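Every position in the sequence shown, counted from 1, becomes a number in my numbering once 853 is added.
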Amino acid sequence: MLLEPAHRLPPSDAHLVWEPGGPYALRSTLGILQRGPQDPSTTVGNAQAWLCFVTSSGPVTVRVSRGGGISSPVLLEAWGPGAHAAVEHGLELLGATDLWDEFDAPTFRESLPPFVAQTRRAHPGLRFPTTGRMFDALLPAILEQKVTVIEAHFAYRYLTLLVGEIPPGPAPEGMRLPPSPESIRSLQPWQWHEARVDAKRAATAVRAAVLAQSLERWGGVPLGARRAGVPGEGSLEAALGSIPGIGPWSIAEVLQRTHGSPDHISVGDYHLAAFVGQVLTGRRVNDEAMLELLAPYNGHRQRVVRLLGASGVRKQAFGPRLAPMDHRRR
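Now the structure itself:
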């Protein structure tokens, strides 16, 4: 359920109004930023969303809302020290800078499986948001490594309520700012234990927190660009992959949110390859075969995957569900 503020909203410290010029699906666009139905830092509904985070200028509470029509204007309101910074990058957050022109071009559309093209026509308002906030995306990705979604969402909610600060402005009761790198570095082993996070993921999270300041510099670097003076490959992927415990799956999960990547695939996901294979070929496939299936759509592979997910098709169950593992018993 989408949280509501307990009182009438005060005037925002900054705001913007965006005319999409076409359909805009608020829930399916911003929903990728919400970590489970009880995420204390982000909650997204059909007509409005609340997001709490920290900008370079300080903390902010953001409310995104729209009128009744699918093509009606979108309003972004912001409260707190980071309000103007949030509005400055508000169009990226809304997905306004995510361009589907090449994907929607007739020649490319004709190359798509009919099922994918049909789903795109049914979901013309889907866009990919860009947050630019590296650590905010990396921490949940680490918590989601090699565990069930239920476990990962529990851990993120637990840690956010434990160390996340109260956001500014009229944020609905119970919402919190995401855990800061400093708060993650200060956690004790027993606190990780209570969050049901094993030692390996905890160590990876702490390493990421130590490097958070340098990682944030990549938030504004476009996909595919290189940073001058950075040793090695000097790319976003290389910067993330230099952290022990961060592999291709985590890198893709981060860049899908921080940079609205239309192409990065979460290779290594427990369910994804089987799902893609089932929908496109009628049979389960492994990661290698999935990449072969998606190769004709290089540059837009994540768009294809997201559309498959939006289609409503569910992966066929071939075995027992993974049982959540309570690490507190260890």
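Note that CB positions come from ideal geometry on N, CA and C, so glycine has one too.
All values reported here derive from a predicted model rather than from experimental measurement.
Item to check | Segment limits, alpha helix (DSSP H) that includes L928 | outcome: Per DSSP, L928 lies in no alpha helix (DSSP H); the unbroken beta strand (DSSP E) holding it starts and ends at 927 to 932.
Item to check | DSSP three-state assignment for Q901, whether helix, strand or coil | outcome: Look at Q901 here: in three-state DSSP terms it is strand.
Next on the checklist: I'd like the list of long-range same chain contacts for T914, defined as Cβ closer than 8 Å, with 5 residues on each side in sequence excluded.
Outcome noted: So the list reads W903, L904, C905, A931, W932, G933, P1020, P1021, G1022, P1023, A1024, M1028, once near-sequence residues are dropped.
Next on the checklist: On the CB-based measure, 16 or more other CB atoms within 10 Å of its CB, does G1085 come out buried or exposed?
Outcome noted: At G1085 the pLDDT is 48, less than 50, meaning the model places this residue with poor confidence and gives no usable figure here.
Checklist entry - Around the C-beta of Y877, are 16 or more other C-beta atoms found within 10 angstroms, so that it is buried, or is it exposed? => result Y877 is buried by the Cβ-count criterion.
Item to check | Among G1162, L1015, L991, the one whose alpha carbon lies nearest that of E1090 | outcome: In terms of Cα proximity to E1090, the closest of G1162, L1015, L991 is L991.
Item to check | Beta-carbon contacts of L862 that lie in its chain and below 7 Å, excluding the five residues immediately before and after | outcome: Excluding five sequence positions before and after L862, the CB atoms of its chain that fall closer than 7 Å to its own CB belong to P1023, given in chain order.
Next on the checklist: The alpha helix (DSSP H) that contains T1111, what's its start and end?
Outcome noted: Counted as a single uninterrupted DSSP element, the alpha helix (DSSP H) harbouring T1111 occupies residues 1101 to 1111.
Next on the checklist: Let me check one thing: in DSSP terms, what residues is P912 bridge-paired to?
Outcome noted: In the DSSP secondary-structure assignment, P912 is bridged to V907.
Checklist entry - Are at least three pairs of beta-carbons, each pair with one atom in the stretch 1034 to 1053 and one in the stretch 1001 to 1016, less than 8 Å apart? => result Between the stretch 1034 to 1053 and the stretch 1001 to 1016, the count of Cβ pairs shorter than 8 Å is three or higher; the stretches touch.
Checklist entry - By Cβ distance, which residues of its chain are closer than 8 Å to D957, with the 5 residues on each side in sequence left out? => result So the qualifying residues of the chain are R973.
Item to check | For H1046, the first and last residue of its enclosing alpha helix (DSSP H) | outcome: Boundaries of the alpha helix (DSSP H) around H1046: 1042 to 1047.
Next on the checklist: Taking the beta carbon of R1070 as the centre, do at least 16 other beta carbons fall within 10 Å, making it buried, or is it exposed?
Outcome noted: Exposed is the call here.
Next on the checklist: Taking the beta carbon of E1141 as the centre, do at least 16 other beta carbons fall within 10 Å, making it buried, or is it exposed?
Outcome noted: With fewer than 16 other Cβ atoms inside 10 Å of its own Cβ, E1141 counts as exposed.
Item to check | Any 3 or more C-beta pairs closer than 8 Å across the stretch 1004 to 1013 and the stretch 1134 to 1151 | outcome: For the pair of segments examined, the stretch 1004 to 1013 was found not to touch the stretch 1134 to 1151: the number of CB pairs separated by less than 8 Å stays below three.
Checklist entry - Under the three-state reduction of DSSP, which class applies to L1160: helix, strand or coil? => result Helix at L1160.
Checklist entry - CB-CB under 7 Å to R1054, same chain, minus the five flanking residues each way: which ones, in chain order? => result The beta carbon of R1054 lies closer than 7 Å to those of I995, L996, Q998 in the same chain, with the five residues before and after it left out.
Next on the checklist: Using a Cβ distance threshold of 8 Å, determine whether the stretch 864 to 878 contacts the stretch 976 to 987, with at least three qualifying pairs required.
Outcome noted: Proximity of the stretch 864 to 878 to the stretch 976 to 987 meets the contact definition, three or more beta-carbon pairs being nearer than 8 Å.
Checklist entry - Are the beta-carbon atoms belonging to V907 and L1161 less than 8 Å from one another? => result Their beta carbons are not under 8 Å apart, which means V907 does not touch L1161 by this criterion.
Checklist entry - Looking at I1099 and T1134, is the spacing between their C-beta atoms short of 8 Å? => result Taking 8 Å as the Cβ cut-off, T1134 and I1099 do not qualify as a contacting pair.
Item to check | With 16 other Cβ atoms within 10 Å as the buried cut-off, status of V1166 | outcome: V1166 sits exposed, since fewer than 16 C-beta atoms from the chains shown fall within 10 Å of its C-beta.
Checklist entry - In three-state terms, what does DSSP make of T1013? => result The answer is helix: DSSP assigns T1013 an H, G or I state.
Next on the checklist: Pop quiz: R1110 and I885 are said to be a contact at Cβ under 8 Å. What is the actual Cβ separation, rounded to whole angstroms?
Outcome noted: Confirmed, about 6 Å.
Checklist entry - What residue range is occupied by the uninterrupted alpha helix (DSSP H) comprising A867? => result Unbroken run through A867 is the beta strand (DSSP E), 867 to 871; no alpha helix (DSSP H).
Checklist entry - At what residues does the alpha helix (DSSP H) containing Q1066 begin and finish? => result Here the alpha helix (DSSP H) through Q1066 covers 1065 to 1069.
Next on the checklist: For E963 and V1063, what's the separation of their Cα atoms in angstroms?
Outcome noted: Going by the C-alpha atoms only, they are around 47 Å apart.
Next on the checklist: Between which residues of its own chain and A936 is the CB-CB distance below 6 Å, once the five residues before and five after are set aside?
Outcome noted: The beta carbon of A936 lies closer than 6 Å to those of D866, A867, V913 in the same chain, with the five residues before and after it left out.
Checklist entry - Three-state secondary structure (DSSP) at S964? => result Correct three-state label for S964: helix.
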